[in-house]
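Beneath this line is the structure, given in structure tokens, with notes to follow.
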Amino acid sequence: MIRYVQSVASQQVPPPYHFPGVTVNAFLWDAPVGKIQAYCDRYFNLGEAAERGFVYRPAAFWPFVALLIIDYPIMVSSDRSRTDIGSTPFPDRGYMSQKEAFVVAPVLRSGTLPETMVLKMAMEWALPFIVVDNPMSAVCGREMLGLEKLLGNIEFGESDFPDSFKGRIHLPGWASLKPGEMQTKLKFLEVDTGPTLPTYRGSPAEDSVWTLLRSDTASKAISALGTAKDFMETVSLGFLSSGMRTVSLKQFRDAAYPSKALYQALVSCRSTYSSVRNFRFYNEQDVNITFYDHGSFDHILKVFIHHSPNDPPREAGDRRVRVKPVAAFRFNANIDFDDMRTLHTFAVAPGEHLPPCDTTDDMLAPWLRPIRGFFSGSPP
Amino acid sequence: MTAFIESFATQHLPPPWKAAEARTWAFPFSLSTVVIQNYLDRFFNVANPNTALFRLKAMEPIGILTISNFPKIETDETSKFSTHYQNLASRLDVAQTQVSVDVPVRCVRKQGDEREGAPEILWFQPFAISDNETVVFASREILGADMMLGRIELDMQAAPSGVRLHTHIPAIRRFGPRSKEEWLGFLHVDTGSETKSYVPFRAPKMAAWVDRFGGGANASKSNGLSDPMTARMVALKQFRDTQKWDEATYQAIVACTVTHSDLRDVRFFDPAAVKITFTDSATAAEILCTFLDLGTPSDGSTDPESKWERQSPVFIGPVELLGAFTFTSSATINAIETLHTFGSGR
């Protein structure tokens with residue numbers, strides 16, 4: 001292994017990270033299962049199944065995708081090792097802020113052989129779309145974790161009513177794919193909600209998922225669950241478990257042949273929510289989520305938006321793609337981002353004069369990791 | 001070779017890039033060969049000295065602060081690059097302004113290298129800033145340039161042929177647990193108006209050096225340079241390991257070419273009248289004081305850490321220039337070669 005040449009002005013703040021006091025606005029809608037499978041096949045299930053030994057597929061037991069819009073007032077490096085980089089250690093340098101939005105979908109990994117199907121089984125979260133407004137965050141995510149972060153303008157605020165939410169995202173894109181089209185910042189997403197429940201404004205709340213959860217039966221069930229963690233898992237429809245692990249394809253281009261990869265690996269990191277507070281529902285019937293499919297944005301939306309043949313046809317020139325959520329909520333929490341792992345390194349042929357990149361595999365199921373020595377020896 | 005898996009997020013500007021009507025302002029300044037060599041040894045020569053077949057050595061005590069305005073950059077139609085857009089890459093255009101310091105160095109081939117003895121002048125950039133995220137991602141992830149995204153205000157109407165520029169970068173003024181990253185001023189340039197006539201460069205070697213850079217053309221005698229100027233740039237392309245962040249999963253020296261053709265409208269400025277200042281910050285201090293040797297970061301204390309303890313911005317400059325000129329050209333940037341790979345994969 002080779003030592004990374006560090007400079008003070010490096011754009012990369014290494015993990016782990018601690019994000020206290022974040023505000024999360026979450027919106028869930030029905031998963032386009034076919035598109036999630038296509039995403040898994042394109043970015044995770046590379047090569048032949050028998051050769052790689054695992055397969056990713058949509059998690060059928062959690063048939064939603066979630067749009068999370070997050071405000072991070074403080075982002076710090078929480079590296080305890082205080083590695084000597086010849087300058088002030090990263091945790092002592094200060095903090096950054098950012099706004100972020102991403103779409104996340106659960107995916108289930110399993111082995112391809114009868115004897116490995118369970119051994120490699122894990123639920124992870126794929127992020128087919130993620131945008132931030134902080135350049136260093138974008139660079140870190142892209143180059144260290146393989147998260148394909150875009151850089152855009154993200155604005156938050158209240159919508160028409162107090163205690164409501166309004167989000168606006170603009171991305172660099174091309175309004176059309178015609179020759180000569182110049183890149184500009186284009187509107188990509190608008191989100192508006194009513195006030196948090198209960199409220200006298202907006203649509204009747206009887207049909208909202210919130211109503212179900214505030215019923216006597218549900219309340220008792222929630223109380224019986226005991227811990228805040230379990231409560232969170234329940235009220236967020238399972239979205240917020242104690243430790244969410246992401247999965248992403250980290251790959252580097254060759255300079256002379258940029259359509260070729262020098263390195264391809266599936267990497268994962270863990271995000272843990274703690275001190276969850278101020279959990280509030282929005283009436284999902286009063287939530288308006290509108291994506292815009294200007295020119296190049298169509299390539300983004302087709303990854304995670306399902307265009308149903310039953311959808312009403314849009315008028316010519318109408319760029320709006322509306323999504324109806326099945327649940328919408330907001331909460332505050334602390335988030336820790338740590339335990340980065342290389343799950344699987346694909347065998348790539350980097351080209352002339354270079355040895356092929358060897359395969360590595362660290363996909364043992366989470367429940368087996370404490371006793372991994374019985375199954376796979378020491379971790380790589 | 002294995003195919004890169006494209007997505008909308010990797011819609012990089014694929015090389016070769018070409019930019020018509022590119023306007024460049026160049027400001028040569030003195031830069032100690034010791035400072036240059038220190039940078040080369042740290043980023044290019046020391047990483048794994050036993051395996052590289054060449055060594056980069058300081059050549060001239062010169063750096064060039066360069067401002068380039070590209071009103072339109074597009075991928076050359078000859079590109080074989082396959083993007084997520086499927087053959088549409090050459091139609092998608094971006095605009096950007098870029099600021100960098102470019103330093104010429106000599107590549108000395110070691111014994112056993114098949115190209116031993118071939119004279120080679122390479123250029124490296126101690127820093128580079130662009131105001132376009134697509135360019136930043138492409139430069140970092142394809143060419144390996146350690147480029148930052150900045151906010152660049154460029155006023156090209158401030159004076160005839162001149163430019164007024166303010167650059168901001170995301171930075172921390174002083175390191176400390178309660179310090180916050182902000183958009184802080186970094187570079188400020190005001191050329192004033194062009195001069196009526198050519199102003200000789202202040203360095204004796206400068207005219208000859210420009211000749212070399214310009215492929216034989218002499219900028220001092222002509223307002224129209226027909227021969228293209230080509231500079232071969234090198235960068236340390238490296239990516240961190242996912243688990244061990246102080247180690248690199250991939251590290252290589254990558255070369256690309258920057259070619260200016262159809263040079264025209266060459267104008268000169270009085271270097272003594274050009275105002276160039278930098279704003280110091282903890283984030284920028286290493287660039288300014290170590291890489292560019294533009295000042296001493298110490299505020300008088302002997303404590304080596306005290307340089308980060310500054311509360312208010314400190315302006316470094318004015319930078320003493322050896323010359324100042326501007327020209328319009330058609331620019332082409334192409335990734336050409338991975339000169340040496342220190343390591344790849346894990």
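Taken in order, these protein sequences are the chains called A and B. In this text, residue positions in the first sequence follow my numbering: the first is 1, and each later residue adds one. In this text, residue positions in the second sequence follow my numbering: the first is 1, and each later residue adds one. Virtual Cβ for every residue (Gly too), placed ideally from N, Cα, C.
Is it true that the CB of Thr195(B) sits closer than 8 Å to the CB of Gly162(B)?
The Cβ-Cβ distance between Gly162(B) and Thr195(B) does not fall below 8 Å.
Tell me which residue opens and which closes the beta strand (DSSP E) that Glu153(B) is part of.
Where Glu153(B) is concerned, the enclosing beta strand (DSSP E) stretches over 151–155.
Contacts of Met1(A) in chain B (Cβ-Cβ under 9 Å):
Under the 9 Å cutoff, chain B gives Asp241, Lys244, Glu247, Ala248, Thr249, Gly343, Arg346.
Is the shortest distance between the beta-carbon of Lys35(A) and the beta-carbons of chain B less than 8 Å?
Lys35(A) does not count as touching chain B.
Looking at Val326(A) and Glu284(A), is the spacing between their C-beta atoms short of 8 Å?
Their beta carbons are under 8 Å apart, which means Glu284(A) touches Val326(A) by this criterion.
Neighbouring residues, chain B, relative to Lys187(A) (Cβ below 7 Å):
Within chain B, not a single residue places a beta-carbon under 7 Å from that of Lys187(A); the smallest gap is close to 16 Å.
As a quick exercise: from Thr279(B), Phe269(B), Ser179(B), pick the residue whose alpha carbon is nearest that of His166(B).
Between His166(B) and the set Thr279(B), Phe269(B), Ser179(B), the nearest pair of CA atoms involves Thr279(B).
I need the straight-line Cα distance from Ala221(A) to His306(A), nearest angstrom please.
Per-residue confidence for Ala221(A) stands at a pLDDT of 42, beneath the threshold of 50, marking its modelled position as unreliable; no derived number is given.
Residues in the same chain with beta-carbon distance under 7 Å from Tyr39(A), minus the five sequence neighbours each way, listed in chain order, please.
Excluding positions up to five away in sequence, the list reads Ala126, Pro128, Val303.
Counting C-beta neighbours from all protein chains within 10 Å, is the total for Val8(A) 16 or more, i.e. buried, or is it exposed?
Around the CB of Val8(A), 16 or more other CB atoms lie within 10 Å, so the residue is classed as buried.
DSSP state of Ala333(A), grouped into three classes?
If DSSP states are grouped into helix, strand and coil, Ala333(A) belongs with the strands.
Is the CB-CB distance between Ile172(B) and Ile152(B) below 8 Å?
In this structure, Ile172(B) sits away from Ile152(B), with a CB-CB distance that is not shorter than 8 Å.
Can you tell me the Cα-Cα spacing of Asp163(A) and Asp361(A), whole angstroms?
Taking the CA atoms as reference points, Asp163(A) sits about 47 Å from Asp361(A).
Checking the sheet assignment: what are the DSSP bridge partners for Ala105(A)?
Looking at the DSSP assignment, Ala105(A) forms a beta bridge with Ala126(A).
Roughly how many angstroms lie between the CA atoms of Arg232(B) and Phe291(B), to the nearest whole one?
Distance between the alpha carbons of Arg232(B) and Phe291(B): 20 Å.
Report yes or no: is there a C-beta of chain B within less than 8 Å of the C-beta of Trp174(A)?
Cβ-Cβ to chain B under 8 Å: yes for Trp174(A).
Member of Leu40(B), Ala159(B), Ala58(B), Tyr250(B) whose CA lies at the smallest distance from the CA of Thr338(B)
Measuring from the Cα of Thr338(B), the nearest candidate turns out to be Tyr250(B).
Check whether chain C comes within 8 Å of Leu236(B), counting only Cβ atoms and requiring the distance to be less than that.
No chain C is part of this structure, whose protein chains are labelled A and B.
Just how far apart, CA to CA, sit Lys60(B) and Ala52(B)?
As written in the sequence, residue 60(B) is Glu, which differs from the Lys given in the question. Straight-line spacing of the CA atoms in Glu60(B) and Ala52(B) works out to 23 Å.
Please report the distance separating the alpha-carbon of Ala228(A) from that of Asn278(A).
Since pLDDT at Ala228(A) reaches only 44, below the 50 mark, its modelled position is unreliable, and no value is offered.
Hey, out of Leu13(B), Cys107(B), Ser100(B), whose CA is closest to Met147(B)'s CA?
Checked all of Leu13(B), Cys107(B), Ser100(B); the closest Cα to Met147(B) is Ser100(B).
Taking only the alpha-carbon atoms, compute the straight-line gap between Asp79(A) and Arg93(A) and give it to the nearest angstrom.
For Asp79(A) and Arg93(A), the distance between alpha carbons rounds to 12 Å.
Could you pull the start and end residues of the beta strand (DSSP E) that His168(B) belongs to?
His168(B) -> beta strand (DSSP E) spans 164–171.
Using a Cβ-Cβ cut-off of 6 Å (strictly less than) and excluding sequence neighbours within five positions of Asn153(A), which residues of its own chain qualify?
Taking Asn153(A) as the centre and dropping the five residues before and after it, the same chain places the C-beta of His170 closer than 6 Å to its C-beta, in chain order.
Any beta-carbon of chain A closer than 8 Å to the one on Leu149(B)?
Chain A, which has a Cβ nearer than 8 Å to the Cβ of Leu149(B), makes this yes.
Excluding sequence positions up to five away, which residues of its chain have a Cβ less than 6 Å from the Cβ of Val319(B)?
Cβ within range, chain order: Phe29, Ile276.
Is the shortest distance between the beta-carbon of Tyr72(A) and the beta-carbons of chain B less than 8 Å?
Put simply, the CB of Tyr72(A) is far from chain B, with every gap to its CB atoms at 8 Å or more.
Beta-carbon of Val94(B) versus every beta-carbon of chain A: anything under 8 Å?
At a cut-off of 8 Å, the C-beta of Val94(B) has a neighbouring C-beta in chain A.
Does the beta carbon of Leu364(A) come closer than 8 Å to any beta carbon on chain B?
In terms of beta-carbon proximity, Leu364(A) stays away from the interface with chain B, with every pair separated by 8 Å or more.
Out of Ser77(A), Glu48(A), Val55(A), Glu51(A), which one is the CA nearest neighbour of Phe337(A)?
Comparing Cα positions, the closest option is Ser77(A).
Compile a chain-ordered list of the residues in the segment 10–32 of chain B whose CB is closer than 9 Å to at least one CB of chain A.
Here the close residues are Thr10, Gln11, His12, Pro14, Pro15.
What did DSSP end up calling Cys40(A) once you bin it into helix, strand or coil?
Helix at Cys40(A).
Applying the 10 Å Cβ sphere with the 16-neighbour rule, what's the burial state of Asp241(B)?
Asp241(B) comes out buried.
Quick one: complete beta strand (DSSP E) runs, 3+ long, within the segment 269–306 of chain A?
Listed in chain order, they are 288–292.
How is Val131(A) classed by DSSP in three states: helix, strand or coil?
Looking at Val131(A) - three-state DSSP - the assignment turns out to be strand.
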